[in-house]
Structure formats: structure tokens, C-alpha cells
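**Student:** Below are the C-alpha cells for one structure; questions will follow.
In C-alpha cells:
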């Protein structure tokens with residue numbers, strides 16, 4: 195598939211002061227503990243997570259923070275944070291007078307049109323002047339959106355929230371306005387497996403709903419191939435799946451001497467549920483950016499290998515995956531590096547902490563090939579990988 199995101203820019207978000215990534219179809223983010231690997235995924239969640247948030251707290255389902263000021267690098271609120279791709283832009287700023295926070299997400303086309311309507315020239319680059327310009331745009335945006343004529347195409351969403359993250363919602367008094375018809379950024383979906391997650395039949399989407407996949411039953415009902423593969427995971431253990439629409443229950447069944455015993459799906463083995471969750475996320479989406487945080491955690495090696503192979507070979511989606519698992523990392527490399535047509539589809543990023551901020555370095559194809567020769571030792575040499583070219587000499 196054509197990559198949904200070819201360029202990713204993150205500025206002033208949590209521990210990231212500034213980072214530029216050039217993603218490919220499969221993007222692995224590695225690094226030592228607590229250096230900000232997951233921060234990259236959280237920043238990307240700001241682009242596509244809003245329609246799926248269930249908590250009253252702004253992006254509380256996708257981003258970890260206590261107070262809204264913690265979303266900004268070093269808690270400094272004078273400059274907005276920005277997450278930008280070649281397709282969409284997210285801005286988040288602070289109004290010092292009202293003590294509230296302004297969130298806007300736009301398609302690139304809508305962003306340019308709005309700037310033209312407000313008489314703001316489009317500044318190139320990513321310098322301090324651009325940050326000040328973003329702050330001015332956010333300051334003028336809500337009054338403009340509530341009085342201006344509709345854009346020729348949908349492509350924006352704007353809301354505000356307080357210092358605790360309590361945000362304005364549609365249909366309530368407050369500062370919320372969005373395109374008509376409804377619009378959301380290009381399919382950026384962050385998935386997190388949650389043990390014992392609730393199954394909710396109210397969501398009718400054909401793709402798994404971020405972050406916890408509460409519409410799993412509907413997804414299985416609408417995808418025959420996925421349903422068969424999913425059921426096969428349990429059939430290997432003599433179990434069957436059952437849906438009870440009348441009771442709103444999803445169950446696992448076993449038969450003993452002609453008697454059937456049913457148990458809640460949430461009480462079945464965690465390993466099967468976990469693998470099934472990621473399987474549903476991958477197979478129910480198309481042309482989607484899928485964000486996975488350590489999907490191999492607490493999984494049996496057999497399923498880690500299968501998950502890595504599927505990510506490496508599935509062409510329909512773009513993946514951003516954080517990992518600290520040598521086996522998973524090695525399996526992805528083994529399924530991609532030996533094949534010349536897959537090498538250009540793999541990017542490996544090393545996140546590290548320096549000068550009190552998260553930095554990200556993208557390894558060259560030559561370095562990635564070198565890592566394959568001793569991929570199980572990569573995580574013992576992460577400090578070397580933070581430096582240009584040193585990796586080939588010490589890890590290869």
C-alpha cells in the first residue's frame with residue numbers, strides 16, 4: 195500500500211521538544227526504558243484519537259497525563275504543541291487569560307484554507323516564528339469558525355478543555371465546532387489490549403474500535419475470514435465461541451459428555467484474547483495507521499512470531515510499533531530484511547534521552563541489515579545505536 199504517513203513532525207509534546215521521522219510501512223521504535231518510545235505513539239494519537247475517546251478527560255484513553263500542562267514539553271505553555279504529517283495537522287495551545295487549552299486538528303487542505311480566510315500567510319519551516327504563528331491561529335480560530343461560511347470540503351475539528359482535561363463536547367454549551375459533514379484525520383488508530391475489556395454492541399463499525407476493541411463481536415460478525423481464523427484459535431483447544439444477542443454476551447463454550455458449559459469471553463486465556471485482539475485490529479482495518487505499544491508483552495513465543503510475521507507481510511496497513519522484546523524484533527527483521535522488496539518498507543527508530551529531552555534517530559538500511567546478523571543482542575547495545583554509524587561496528 196502507499197504509506198498513509200510519509201513524514202511525521204512532533205514539536206513541544208511531553209518529553210519531545212522536536213522530532214522529525216520519515217516513516218515507512220513498518221516502523222519499529224526501540225530504546226532503553228523510560229526514554230519516550232511510547233511518547234511518539236501518544237503524539238500520533240492526538241491526530242486520530244478524539245472521535246474514539248470515551249473518557250471525559252481530553253484524550254484520556256490514549257495519552258497518559260495528570261494535568262493538561264503536562265502535555266507540553268517541560269510544562270511550558272507559551273508555545274503550542276504541533277503534530278504534523280503530510281496529510282493532517284494537530285495544534286494544541288494555552289490561553290493564558292482564560293486558563294483553558296485549545297485543540298484543533300485539520301487536514302492540510304483545510305488548514306491552508308483557514309489560514310487564507312483569516313489573513314495569515316503560510317509560514318514555511320519549523321522555527322520559533324512558526325510556533326508564535328500557530329498560537330495566533332489558535333487564538334483567532336474559534337471566533338472565525340463560528341462566523342465564517344463553510345469550507346468547500348470538510349476537514350477540521352476544534353474544542354477546548356480546562357487544566358484538568360475536562361473538555362467541551364458537541365451539543366453542550368462551550369467551544370466545540372467541527373466540519374459538516376463529520377470529518378476525522380486519516381485513520382490513525384492506537385490500540386491497547388486491556389484484559390477483561392467490556393464487549394459493547396452499540397458500536398457498529400466494521401473495523402475494531404480504538405483503543406480497547408469494545409466492538410469485537412460486530413467486527414467478527416462482519417468479517418467472515420477473520421471470524422474463521424479467530425474461532426480456529428479457540429478450536430485448537432476444544433473451545434467454541436458463542437454470541438448471545440439477547441443477553442449482550444460473548445462467551446466461550448466447551449462440551450463434556452454431551453453437556454455444554456459457557457463462560458464469559460473475558461474469562462478465557464489471556465494469551466488467546468491478546469493475540470485475537472491484535473489479529474482483529476490488523477485484519478479489520480485497511481489503509482490505516484495502526485499504533486501498537488509493545489504488542490508482544492505477556493505472549494507465548496509462538497504468538498509473538500505469528501504477530502511479527504503478520505505485521506511484516508500485511509500490505510494493507512501502516513504500523514508504528516514500540517518494542518523491547520528481542521524475539522519480536524528479530525522475527526520482524528527475519529521476515530523483511532532478506533527480501534529486497536521489503537527492506538524499503540522497514541524503518542527502525544532508536545529513541546533515547548539526551549539534554550533532558552527525547553530524541554529519535556532513524557537507522558539507515560545498511561545499519562538495519564547489520565542488526566539482523568545479531569538481532570538478539572541489539573537491546574544490549576542500545577547506547578551504541580544512538581550514535582551515527584557506530585552501530586555497525588559494535589553491534590554488527
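Residue numbers (our numbering): 195 to 590. Glycine included, every Cβ here is placed at the ideal spot set by N, Cα and C.
How would you label residue 587, buried or exposed, when you count the other beta carbons within 10 angstroms and need 16 or more for buried?
**Tutor:** Bear in mind that a pLDDT of 47 at residue 587, under 50, signals an unreliable position, so the number given afterwards is only what the model happens to contain. The residue is exposed, with fewer than 16 neighbouring Cβ atoms inside 10 Å.
**Student:** Pull up the CB-CB distance for residue 230 and residue 210, whole angstroms please, since I reckon it's below 8 Å.
**Tutor:** So it is a contact: roughly 6 Å between Cβ atoms.
**Student:** Using three-state DSSP, classify residue 468 as helix, strand or coil.
**Tutor:** Of the three classes helix, strand and coil, the one that applies to residue 468 here is helix, per DSSP.
**Student:** For residue 496, report the span of its alpha helix (DSSP H) as first-last.
**Tutor:** Its alpha helix (DSSP H) spans residues 495-507.
**Student:** Leaving out five residues on either side along the sequence, give the residues of the same chain with a beta carbon under 7 Å from the beta carbon of residue 201.
**Tutor:** Answer for residue 201: 216, 279, 280, listed in chain order.
**Student:** Would you call residue 585 buried or exposed, if buried means 16 or more other Cβ atoms sit within 10 Å of its Cβ?
**Tutor:** In this predicted model, residue 585 has a pLDDT of only 43, less than 50, meaning its place in the structure is not dependable; the value taken from the coordinates is given anyway. Buried: at least 16 other Cβ atoms inside 10 Å.
**Student:** Helix, strand or coil, according to DSSP, for residue 588 in the structure here?
**Tutor:** Because the pLDDT at residue 588 is just 48, under 50, the model does not fix this residue reliably, and the value given afterwards should be weighed accordingly. Residue 588: helix per DSSP, three-state reduction.
**Student:** Beta carbon of residue 436, beta carbon of residue 447: below 8 Å?
**Tutor:** The answer is yes: Cβ separation under 8 Å.
**Student:** Entirely within the segment 321-385 and at least 3 residues each: give me those beta strand (DSSP E) ranges in chain order.
**Tutor:** Qualifying beta strand (DSSP E) stretches, in chain order: 350-355, 370-372, 382-385.
**Student:** To the nearest whole angstrom, what separates the beta carbons of residue 427 and residue 471, a pair I think is in contact under 8 Å?
**Tutor:** With 8 Å as the limit, residue 427 and residue 471 do not qualify as a contact, their Cβ atoms being about 11 Å apart.
**Student:** By DSSP's criteria, residue 221 is part of a beta bridge. Which residues make up the other side?
**Tutor:** Paired residues: 514, 541.
**Student:** Just to confirm, are residue 512 and residue 219 a CB contact at a threshold of 8 Å?
**Tutor:** Contact: yes.
**Student:** Can you tell me whether DSSP reads residue 446 as helix, strand or coil?
**Tutor:** It is a strand residue.
**Student:** Using the C-alpha atoms, what's the distance from residue 213 back to residue 292?
**Tutor:** In a straight line, the C-alpha of residue 292 is about 30 Å away from that of residue 213.
**Student:** Can you give me the Cβ contacts of residue 481 inside the same chain, cut-off strictly under 8 Å, excluding the 5 residues immediately before and after it?
**Tutor:** Excluding residues within five positions, the ones whose Cβ falls inside 8 Å are 195, 198, 381, 510, 511.
**Student:** DSSP on residue 281, reduced to helix/strand/coil?
**Tutor:** Note: residue 281 maps to coil in three-state DSSP.
**Student:** Under a three-way DSSP split, which group does residue 574 fall into?
**Tutor:** Residue state, collapsed to three classes: helix.
**Student:** Counting pairs of Cβ atoms below 8 Å between the segment 518-525 and the segment 235-248, do you hit three or more?
**Tutor:** With the cut-off at 8 Å, the segment 518-525 and the segment 235-248 do not touch.
**Student:** Kindly provide the ranges of any beta strand (DSSP E) runs that are 3 or more residues long and lie completely inside the segment 225-289, ordered along the chain.
**Tutor:** Segments of the beta strand (DSSP E) lying fully in the segment 225-289: 275-279, 282-289.
**Student:** What residue from 547, 568, 563, 485 has the CA that sits closest to residue 581's CA?
**Tutor:** Looking at the Cα atoms, 547 is the closest of the given residues.
**Student:** How many angstroms separate the CA atom of residue 590 from the CA atom of residue 285?
**Tutor:** Summary for residue 590: the model assigns pLDDT 46, below 50, so the residue's position carries little reliability; its value from the coordinates is reported in the next sentence. If you take the alpha carbons of residue 590 and residue 285, they lie about 41 Å apart.
**Student:** One question on the structure: do residue 477 and residue 417 come within less than 8 Å of each other, judged by their Cβ atoms?
**Tutor:** Closer than 8 Å, so yes.
**Student:** Would you check if the segment 400-407 and the segment 261-273 touch, i.e. whether three or more CB-CB distances between them fall below 8 Å?
**Tutor:** Contact fails: fewer than three Cβ-Cβ distances are below 8 Å.
**Student:** Quick check: the Cα distance between residue 408 and residue 254, rounded to an integer number of angstroms?
**Tutor:** One C-alpha to the other measures close to 16 Å.
**Student:** Can you tell me where the alpha helix (DSSP H) with residue 412 in it begins and where it stops?
**Tutor:** Looking at the DSSP string, the run of the alpha helix (DSSP H) that includes residue 412 is 410-416.
**Student:** Measuring only the C-alpha atoms, how far is residue 268 from residue 208?
**Tutor:** Each residue's Cα considered, the two are about 7 Å apart.
**Student:** So, for residue 334: in the same chain, excluding its five sequence neighbours on each side, which residues have a beta-carbon less than 7 Å away from its beta-carbon?
**Tutor:** Taken in chain order, the residues that qualify are 312.
**Student:** Count the other C-beta atoms from every protein chain shown that fall within 10 angstroms of the C-beta of residue 376, then say buried if there are 16 or more, exposed otherwise.
**Tutor:** Per the 10 Å Cβ criterion, exposed.
**Student:** Let's test the definition: count the other Cβ atoms within 10 Å of the Cβ of residue 328 and tell me whether it reaches 16, buried, or not, exposed.
**Tutor:** By the 10 Å Cβ count, residue 328 comes out buried.
**Student:** May I ask which residues mark the beginning and end of the alpha helix (DSSP H) holding residue 564?
**Tutor:** 559-566 is the span of the alpha helix (DSSP H), which, as asked, contains residue 564.
**Student:** In whole angstroms, what is the alpha-carbon distance linking residue 459 and residue 298?
**Tutor:** Taking the straight line joining both Cα atoms gives about 39 Å.
**Student:** In this structure, does DSSP put residue 298 in helix, strand or coil?
**Tutor:** Reduced to three states, the DSSP call for residue 298 is strand.
**Student:** Based on Cα-Cα distance, which residue from 331, 502, 384, 411 lies nearest to residue 392?
**Tutor:** Checked all of 331, 502, 384, 411; the closest Cα to residue 392 is 411.
**Student:** Looking only at its own chain, which residues have a Cβ that is under 7 Å from the Cβ of residue 524, when we skip the five neighbours before and after it?
**Tutor:** Contacts found: 569, 570.
**Student:** Look at the Cβ atom of residue 406, then the Cβ atom of residue 421, and state whether they are nearer than 8 Å.
**Tutor:** In this structure, residue 421 does not lie closer than 8 Å to residue 406 by Cβ.
**Student:** For residue 203, I'd like the list of residues in its chain whose CB is within less than 6 Å of its CB, leaving aside the five on either flank, ordered along the chain.
**Tutor:** So the list reads 214, 278, once near-sequence residues are dropped.
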